[in-house]
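Chemist: I'd like to ask you about the structure that follows.
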Amino acid sequence: MPSVNYARLKTNLSLAIQRLKLLEKKKTESAQKSRKEIADYIENGKIERAKIRVEHIIREDYLVEAME
1 MPSVNYARLK TNLSLAIQRL KLLEKKKTES AQKSRKEIAD YIENGKIERA
51 KIRVEHIIRE DYLVEAME
């Protein structure tokens, strides 16, 4: 049975946490931008396209919540 290298494990966990936080920030900013696009779609009468974008944002929001 291999021995556990706790220092390496701690480092890898720390890096994984940083990556998740960065991805969470990226997804959140993307969702904010998409919300503005949806408002433009609705304003221009492209309701079906707006609905599709809303569904995508909802999925992304669930993913961000899971990352928290």
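Under the working numbering, the letters of the sequence shown match residues 1 to 68, in that order.
Beta carbons are placed, not taken as given, at the ideal position from N, Cα and C, and that holds for glycine.
Check S30 in the structure and name its three-state DSSP category.
Modeler: Looking at S30 - three-state DSSP - the assignment turns out to be helix.
Chemist: For L20 and I58, I'd like the C-alpha separation in whole angstroms.
Modeler: Between L20 and I58, the C-alpha separation is close to 19 angstroms.
Chemist: Given a cut-off of 7 angstroms, decide if S34 and R53 are closer than it, judged by their beta-carbon atoms.
Modeler: Yes. Within cutoff.
Chemist: What would DSSP say about V64, mapped onto helix, strand or coil?
Modeler: DSSP places V64 in helix when its eight states are reduced to three.
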